[in-house]
Amino acid sequence: MIVASVPPLWAVAIRTGIGAVALTALALATRRLARPPRADLPVLVSITLLHMVGFTTLSSIGLELVPAGRSAVLAYTTPLWVVPGASLLLGERLTRRRVVGVVVGLAGLIVLFNPAALDWTRRTTVLGNVAILGAALLWAGAILHIRGHHWRSTPFDLLPWQMLLATVILVPLAWTVVGPPAFEWTPGLAALFAYAGLPGSALAYWASAMAGLRLPAATISLGLLATPVLSVALATLWLGERPGASLLVGVALILGGVALGTVGERPSDAAVP
Numbered sequence: 017m018i019v020a021s022v023p024p025l026w027a028v029a030i031r032t033g034i035g036a037v038a039l040t041a042l043a044l045a046t047r048r049l050a051r052p053p054r055a056d057l058p059v060l061v062s063i064t065l066l067h068m069v070g071f072t073t074l075s076s077i078g079l080e081l082v083p084a085g086r087s088a089v090l091a092y093t094t095p096l097w098v099v100p101g102a103s104l105l106l107g108e109r110l111t112r113r114r115v116v117g118v119v120v121g122l123a124g125l126i127v128l129f130n131p132a133a134l135d136w137t138r139r140t141t142v143l144g145n146v147a148i149l150g151a152a153l154l155w156a157g158a159i160l161h162i163r164g165h166h167w168r169s170t171p172f173d174l175l176p177w178q179m180l181l182a183t184v185i186l187v188p189l190a191w192t193v194v195g196p197p198a199f200e201w202t203p204g205l206a207a208l209f210a211y212a213g214l215p216g217s218a219l220a221y222w223a224s225a226m227a228g229l230r231l232p233a234a235t236i237s238l239g240l241l242a243t244p245v246l247s248v249a250l251a252t253l254w255l256g257e258r259p260g261a262s263l264l265v266g267v268a269l270i271l272g273g274v275a276l277g278t279v280g281e282r283p284s285d286a287a288v289p
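Counting from 17, one number per residue, gives the positions in the sequence shown under the numbering used here.
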């Protein structure tokens, strides 16, 4: 709803700025705002650039061109790309179950991108879908760096600095690319930004950081699958979108593939050479 009246870059910059202020205030109130250790600076920068700037910007651009329900499904294909990436870059065990999960998920993408579900003659539509898939790949890169990094501080302690850095990058970028903010502020738009910046950004990042410290990665991945399901439902009920058969089948295959690749494996599952 925000990108219906606000350019995507400004939408991301403003919501990130609101989240940065909230997280900084929270860190100060809990006396946890401290200078990041030098050893954590690379992961701080990569999470900022890949997830908070890259993912949010590309997904917001895609939302201008792609229905909200489809956008959420494509954005949450991230675990599909983490599995092969973790095997290639981190040496994680690639089991048959995980391979099957990736194949099933990719089959869901094929369903979503077949000519009956996507008009390949519309350049903007294709670019919107590609932007969201690109966002998912950037998020996967951030997750891989998080997995491979030897942490000195906790993910929560880095969050205020990441969001502050993202704001410092996004505001000048939006000003340069789009120009000064020229949209009309209304009470409704202010309420939307308050939601996007506080529970939609600050609370979400904080909850993800805390869950990452206390829950297994598989549990987190499966929990995140609620997002595209709820997004399709809300887009239908609130925005009046009507998901077609291709979207529903694609959702089932993608979510099923992610679930296969993240749930606990049976002892009989053998590793794939």
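A virtual CB, placed ideally from N, CA and C, is assigned to each residue, including glycine.
My output table needs one value for residue 111: the three-state DSSP class, helix, strand or coil. Strand at residue 111.
According to the Cβ coordinates, are residue 24 and residue 110 closer than 9 Å? Not in contact: residue 24 and residue 110 (Cβ atoms no closer than 9 Å).
Please check the pair residue 130 and residue 262, which I expect to be a contact at CB under 8 Å, by giving their CB distance rounded to whole angstroms. Taking the Cβ atoms as the reference, residue 130 lies roughly 7 Å from residue 262, within the contact range of under 8 Å.
Would the beta-carbon of residue 244 fall within 9 Å of that of residue 39? Result no, Cβ atoms of residue 244 and residue 39 do not sit closer than 9 Å.
Ends of the alpha helix (DSSP H) at residue 200? For residue 200, there is no enclosing alpha helix (DSSP H), as DSSP gives it neither H nor E.
Determine the direct distance from the alpha carbon of residue 87 to that of residue 203, and round the result to whole angstroms. Between residue 203 and residue 87, the C-alpha separation is close to 26 Å.
Reference residue 226, options 269, 184, 35, 170, closest by Cα: If we check each option's Cα against that of residue 226, 170 comes out closest.
Helix or strand or just coil, what does DSSP make of residue 92? Shown here, residue 92 sits in coil according to DSSP, grouped into three states, outside any helix or strand.
Assess contact between the segment 113-131 and the segment 32-46, defined as three or more Cβ pairs (one per stretch) separated by less than 8 Å. Is contact present? Contact between the segment 113-131 and the segment 32-46 is absent: fewer than 3 CB-CB pairs across the two stretches fall below 8 Å.
Could you check where the alpha helix (DSSP H) with residue 145 kicks off and where it finishes? Element bounds for residue 145: 139-164.
Whose C-alpha, out of 70, 147, 219, is nearest the C-alpha of residue 185? Residue 70 is the option with its Cα nearest to residue 185.
At what residues does the alpha helix (DSSP H) containing residue 78 begin and finish? From DSSP, the alpha helix (DSSP H) with residue 78 extends over 72-81.
How about residue 6 and residue 19: do their beta carbons lie closer than 9 Å? An answer regarding residue 6 cannot be provided, because it is not within the stretch 17 to 289 covered by the chain.
DSSP state of residue 47, grouped into three classes? If DSSP states are grouped into helix, strand and coil, residue 47 belongs with coil.
Can you give the Cα-Cα distance for residue 153 and residue 208, rounded to whole angstroms? When only Cα atoms are considered, residue 153 and residue 208 end up about 27 Å apart.
Taking only runs that begin and end inside the segment 246-282, name each unbroken beta strand (DSSP E) of 3 or more residues, in chain order. Segments of the beta strand (DSSP E) lying fully in the segment 246-282: there are none.
Distance, Cα to Cα, residue 217 vs residue 254? Distance from the CA of residue 217 to the CA of residue 254, rounded to the nearest whole angstrom, comes to 21 Å.
Please identify the residue among 241, 276, 181, 173 whose C-alpha is closest to the C-alpha of residue 47. The candidate whose alpha carbon is nearest that of residue 47 is 173.
Reduced DSSP secondary structure (H/G/I, E/B, other) of residue 136: Three-state DSSP puts residue 136 in coil, outside helix and strand.
Is DSSP giving residue 53 helix, strand or coil here? Coil.
Which of helix, strand or coil DSSP assigns to residue 22: Judged by DSSP in its simplified three-state form, residue 22 adopts coil rather than helix or strand.
Am I right that residue 95 and residue 274 are in contact with their C-beta atoms under 8 Å? What's the rounded C-beta distance? Going by Cβ atoms, the distance from residue 95 to residue 274 rounds to 5 Å, so yes, they are a contact pair.
Enclosing alpha helix (DSSP H) for residue 64 [first to last residue]: No alpha helix (DSSP H) holds residue 64; DSSP gives it neither H nor E.
Integer-rounded CB distance, given that residue 84 should sit under 8 Å from residue 163: With a Cβ gap of about 29 Å, residue 163 and residue 84 do not count as contacting.
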